[in-house]
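Undergrad:
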Amino acid sequence: MFSFLKTNKNYEDVNASSFKKLLAETPNAVILDVRTAAEMRSGAIQGAINIDLMSADFQQKISKLDKSKTYFVYCRSGNRSGQACKMMGNAGFEHLYNLSGGMMSWPY
342 MFSFLKTNKN
352 YEDVNASSFK
362 KLLAETPNAV
372 ILDVRTAAEM
382 RSGAIQGAIN
392 IDLMSADFQQ
402 KISKLDKSKT
412 YFVYCRSGNR
422 SGQACKMMGN
432 AGFEHLYNLS
442 GGMMSWPY
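Structure (structure tokens):
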């Protein structure tokens, strides 16, 4: 493997069934919905908190979160939540799971 081709990815992309299973197995996990408030109103994973990735104060809001907790992050398709996970990882968060495929892949 060429080391210069490795990306510094500090989160794990997981499918819906793995996301649900890991969530059930992780005490004190935080579910983070990074969609807009309007998108969240159309349906969300139970217990999720909403911090819109596109809001001007996203970085400020995530800086106040407990870095020792495990975060399960999702959006509509998995793109914004992947970006959010990358930002959170760069900010020192170590336990991050991104819902691959987002809410569009969530049958529960």
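Numbering follows this note's numbering, in which position 52 of the sequence shown is assigned residue number 393; successive positions increment by one, without gaps. Don't be surprised by glycine CBs; every beta carbon is placed ideally from N, CA and C.
Thinking just about the alpha-carbon of each residue, which of Cys426, Tyr449 and Ala365 is nearest to the one in Gln400?
TA: Stepping through the sequence shown from its first residue, residue 400 is reached at position 59. Of the candidates Cys426, Tyr449 and Ala365, the one whose C-alpha sits nearest the C-alpha of Gln400 is Cys426.
Undergrad: Measuring straight from C-alpha to C-alpha, what distance separates Gly433 and Ser422?
TA: One-based indexing of the sequence shown puts residue 433 at position 92. One-based indexing of the sequence shown puts residue 422 at position 81. Approximately 16 Å between the Cα atoms of the pair.
Undergrad: Does the count of Cβ pairs from the region 373-381 and the region 401-420 closer than 8 Å reach three?
TA: yes
Undergrad: To the nearest angstrom, report how far apart Val355 and Ala389 are at their CA atoms.
TA: Mapped onto the sequence shown, residue 355 falls at position 14. Mapped onto the sequence shown, residue 389 falls at position 48. Roughly 17 Å between the two C-alpha positions.
Undergrad: Could you give the distance in angstroms between the alpha-carbon of Ser409 and the alpha-carbon of Asn431?
TA: Mapped onto the sequence shown, residue 409 falls at position 68. Mapped onto the sequence shown, residue 431 falls at position 90. So the alpha carbons of these two residues sit roughly 14 Å apart.
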